[in-house]
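Novice: Residue numbering for the sequence shown follows this note's numbering, starting at 831 and increasing by one per position.
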Amino acid sequence: MSQLEPDIAKEIAWRIGNDARWTRWREQLEQTRYCHRPVRLRGATFDQDGVLTYSTAVEPGGVLLKACGNRREAICPPCSRTYKGDLWQLVIAGLIGGKGVPDAVAYHPMVFATFTAPSFGAVHGIHASGDRCRPRRGGDRCEHGIKLACWRSHNPDDAKCGEPICLDCFDYAGALIWNALAPELWRRTTIYIRRALAVELGLTAAALSRKARVSFLKVAEYQKRGLLHFHAIIRLDGAEGPINLPDGISTAKLENAIRRAAQGVSVPGPSGDFAEIRWGDELDISPLGGGGKSANRAAAYVAKYATKSTEAVGGLTRSVGAAQASKLPVSDHVRRFIATAHELASRNELADLRLPKVAHQLGFRGHWTTKSRRYSTTMGALREARKLFAQEQDANRQSAGEHRSMWEFAGSGHASRADLALVARLATEQERIRRIAVVERRTDDPRSR
Ligand SMILES: [Zn+2]
Ligand SMILES: [Zn+2]
Ligand SMILES: [Zn+2]
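1) Out of PHE1060, SER959 and CYS909, which one is the CA nearest neighbour of LYS1201?
2) What are the partner residues of PRO871, as DSSP defines its beta bridges?
3) Secondary structure at TYR884, three-state DSSP: helix, strand or coil?
4) To test your reading of the DSSP string, which unbroken beta strand (DSSP E) runs of 3 or more residues are found completely within the segment 940-997?
5) So, VAL941 versus ILE1088, is the Cβ gap smaller than 9 angstroms?
6) Express the C-alpha separation of PRO1098 and ALA1175 in angstroms, rounding to a whole number.
7) Output the distance between the C-alpha atoms of GLU1259 and GLU1238, rounded to the nearest integer angstrom.
8) What does the Cβ neighbour count give for TYR1002, buried or exposed, with the cut at 16 atoms within 10 Å?
9) What do you get for ASN1226, buried or exposed, if any count of 16 or more other CB atoms within 10 angstroms of its CB means buried?
10) For PHE876, which three-state DSSP category applies?
11) Once DSSP output is grouped into helix, strand and coil, what is the label at ARG1227?
12) Per DSSP, what kind of secondary structure is THR1258 in: helix, strand or coil?
13) Which same chain residues end up closer than 7 angstroms to PRO907 when comparing Cβ atoms and leaving out the 5 residues on each side of it in sequence?
14) Would you please state the rounded distance, in angstroms, between the beta carbons of PRO868 and ALA897? I believe it to be under 8 angstroms.
15) Tell me, please, whether the segment 1018-1034 touches the segment 904-922 by the rule of three or more beta-carbon pairs shorter than 8 angstroms.
16) Which residue comes first and which comes last in the alpha helix (DSSP H) that contains PRO1117?
17) Considering only heavy atoms of ligand 3, list every residue whose Cβ is less than 7 angstroms from one of them, following chain order.
18) Going by beta carbon distance, what residues of the same chain come within less than 6 angstroms of ILE1266, once the five residues before and after it are set aside?
19) Is the beta carbon of ASN985 within less than 8 angstroms of some heavy atom of ligand 1?
20) If you count every other CB in all the chains shown that lies within 10 Å of the CB of SER1229, and 16 or more means buried, which is it?
21) Please name the residue or residues paired with ILE1107 in a DSSP beta bridge.
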């Protein structure tokens, strides 16, 4: 906000012009952790005799702000940061213990696995050590007259990355349906892993369940080509869950079981002309465990991707019609996905996939993060703990005699563009202070000297 429009500057002058109003507004912002899109509430509380104990009439602008709690960075950076922090705690507890999970989980067989979609057509890609994208001699062209070779070596920021070599050759219908059914493919995969592990160990399913349990946490992410891939932490526990070690089962056995499951699992296509849904050949598995750096890296990675959704493929935040899509600042590739989702809507056998509704998510309508019950704590538990802490802090300010309250929705988002500009600036400043405090705490720690 180096250059402000004059009306915004005027509104900012009003906001900061009165000390009491400014101080109270800052307090409210602090309570919402500088949320960019707070819910504005109007209301009052009364004691048992019906006497007014509090009214938002005394608040700046006559409203009380409540944080939006949105997970997505593109929608609300501060709330997304809170979400990311919670998720990081949840992930790390499953990796090295904490939040009621014993530290010994760090020594359970455990891997970080990435499951990828198959190919739906050649795309421009990034290759190791600056290799060429698609080197081939002979000047071959597809049936649409597009050259099949690409002699460039793309860097990761290149807009071409993930774009099909030929938009007409790319199988958008297949890709959309794959994204739509990927959550079901994942659900089946978790079942197959248990079965494959039993086979791997020469046990029946029942005998395996008396010996070990599979816990997991997965997060969905888009690749640049618009297909989802899933990152998962997969951990083996004893029969009782994270409190005991599964006897005599190695990480290698777990890895074999995952590979076997990924190869064998499928979901039937939604109609005859769509092939069954399977994983692609690329399956990356690396061992975790023992705590330390790999655990931190995995946790940070998962938390980072859980706050993005379609950002990697154009960042649409709500459903869009095909006509609307033609005017949006998204790539031709994303526009084709959206157009195809609407075209497929007329087919009855695909109605369950609700493709037009999730066109902006390129067909995906699952949960970005899922976990098995015993992986670690829950987001709900972490939120509850934070709420209790805030309530304790609030307790002395609150009127003890509160009996009845009345609230109404006064709007969402900040009241003016000036307020949003101020909040964004304050949020950045707050984040900077928080980071400095973290560094100072670290340098104060005698162990780090
Ligand atoms: Zn928010
Ligand atoms: Zn290329
Ligand atoms: Zn073509």
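We treat Cβ as the ideally placed atom computed from N, Cα and C, and that holds for glycine.
Specialist: In terms of the structure at hand:
1) PHE1060
2) The sequence given here places Leu at residue 871; Pro does not occur at that position. In DSSP, LEU871 forms a bridge with LEU894 and PHE1239.
3) strand
4) 940-946
5) yes
6) 19 angstroms
7) 32 angstroms
8) buried
9) Confidence in ASN1226 is poor, its pLDDT being 42 and thus under 50, which makes the residue's placement unreliable; the coordinate value appears in the next sentence. With fewer than 16 Cβ atoms within 10 Å of its Cβ, ASN1226 is classed as exposed.
10) strand
11) Any reading at ARG1227 needs caution, since the residue's pLDDT is 44, under 50, leaving its predicted position unreliable; the model's value is listed next. Three-state result, ARG1227: coil.
12) helix
13) HIS866 and ALA1257
14) 6 angstroms
15) no
16) It is not in any alpha helix (DSSP H) - PRO1117 instead sits in the beta strand (DSSP E) that spans 1113-1117.
17) CYS972, GLU973, HIS974, ILE976, CYS996, ASP998 and CYS999
18) none
19) no
20) Summary for SER1229: the model assigns pLDDT 47, below 50, so the residue's position carries little reliability, and this model does not support an answer.
21) VAL1097
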